[in-house]
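J.:
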Amino acid sequence: MTTAVVPGSFDPPTLGHVDVIQRASTAFQDVVVAVLLNPSKTPMFSVDERIAMLREIAAQLDNVEVEAFEGLMAEFAAARAPSVILKGLRVVSDFEYELQMAQMNRHLKGVETMFVPTSATHAYLSSSLVKEVAKFGGKLQGLVPPVVERALLSRHPQEHES
Ligand code: PNS
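Take 279 as the starting number for the sequence shown in the numbering used here and just add one per residue.
Structural data, given as C-alpha cells:
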C-alpha cells in the first residue's frame with residue numbers, strides 16, 4: 279500500500295493544488311499532504327493556518343491527511359515507506375527544477391517521485407501570483423477554494439471594499 283506524499287509550501291493552497299490532491303486521492307490508497315515549515319522564509323500564512331485550510335479542502339477525502347514537515351522531504355517520505363513523492367507539473371519550465379529535486383530525493387533516500395500534469399485550466403496558477411492578485415484587489419474566484427479566498431480577503435480587506 280504505497281502512500282503518496284504531496285509536498286509543498288501551500289502559501290496559500292490554490293485550485294491547482296486541490297486538483298493534484300484530489301487526483302492523488304483517487305490514484306493512491308493513502309495521501310499525506312506535507313506542508314513545509316521553513317523558518318528562514320516569512321510566509322503569508324502560518325503553517326497552522328495552511329494546515330487548517332488544507333484540512334478543510336480535503337475534508338471530504340477520507341484517505342487524505344495533512345501534516346507539517348521540516349527538513350528534507352526525502353526523510354519525511356522515507357519515514358512513510360512504501361511511499362512516492364507526487365508533484366504536479368504545470369508547464370515545461372517546472373520540469374527542470376522538479377527533475378533535480380526528484381533525482382536528489384532518490385539519491386538521498388531512494389524515494390521515487392511521480393509527476394502528474396496539472397489540469398490545463400490551472401496551468402498558469404501559482405501561490406505567488408494569487409497573493410499578488412489578492413494584494414491588488416483582483417478577482418480570486420476560479421483561482422483558490424472558498425476557504426482560501428476568505429483568508430486572503432481578511433488579509434487585504436481594504437483592496438476589496440466596493
Ligand atoms: O510549493 P513549493 O514551494 O514548490 O514546494 C517545494 C518543496 C516544499 C516541495 C521543496 O522545497 C522541499 O521539498 N523542501 C524541503 C527541503 C528539501 O528536501 N529540498 C529538496 C532536496 S535538497
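We put the beta carbon where it would ideally sit given N, CA and C, even for glycine.
(1) Short of 6 Å in beta carbon distance, which residues of its chain neighbour residue 294, apart from the five on each side in sequence? Order them along the chain.
(2) Between residue 376 and residue 302, what straight-line distance do the alpha-carbon atoms span, to the nearest angstrom?
(3) Given the structure, does residue 286 come close to the ligand PNS, in the sense that its CB is under 7 Å from one of the ligand's heavy atoms?
(4) Taking three-plus beta-carbon pairs below 8 Å as touching, is the segment 420-439 in contact with the segment 303-310?
(5) Jot down the residue ranges of each uninterrupted beta strand (DSSP E) in the segment 312-393, minimum 3 residues, whole runs only, in chain order.
(6) Would you mind giving the Cβ-Cβ distance between residue 347 and residue 313, rounded to the nearest angstrom? I have them listed as a contact below 8 Å.
(7) Can you check DSSP and say which residues form a bridge with residue 304?
(8) Going by DSSP, what residues sit across from residue 284 in a beta bridge?
(9) Would you mind giving the Cβ-Cβ distance between residue 290 and residue 328, rounded to the nearest angstrom? I have them listed as a contact below 8 Å.
(10) Rounded to whole angstroms, what's the CA-CA distance from residue 324 to residue 414? Just pull it up for me.
(11) Please report the Cβ distance between residue 431 and residue 386, rounded to the nearest whole angstrom; I am assuming they are in contact, meaning their Cβ atoms lie under 8 Å.
(12) For residue 427, count neighbouring C-beta atoms within 10 Å of its own C-beta (all shown protein chains included) and say buried if the count is 16 or more, exposed if not.
(13) Rounded to a whole number of angstroms, what is the C-alpha to C-alpha distance between residue 286 and residue 354?
(14) So is the beta-carbon of residue 407 under 7 Å away from any non-hydrogen atom of the ligand PNS?
(15) Using alpha carbons as the reference points, say which of 394, 356, 383 and 378 lies closest to residue 367.
(16) Any idea what DSSP makes of residue 395, helix, strand or coil?
T.: Answer, in terms of the structure:
(1) These residues qualify, in order along the chain: 396, 400 and 403.
(2) Computed Cα separation, rounded: 18 Å.
(3) yes
(4) no
(5) 342-347 and 361-367
(6) 7 Å
(7) Residue 304 pairs with nothing; no bridge assigned.
(8) Partner(s): 311.
(9) 7 Å
(10) 21 Å
(11) Going by Cβ atoms, the distance from residue 431 to residue 386 rounds to 40 Å, so no, they are not a contact pair.
(12) buried
(13) 13 Å
(14) no
(15) 394
(16) Reduced to three states, the DSSP call for residue 395 is strand.
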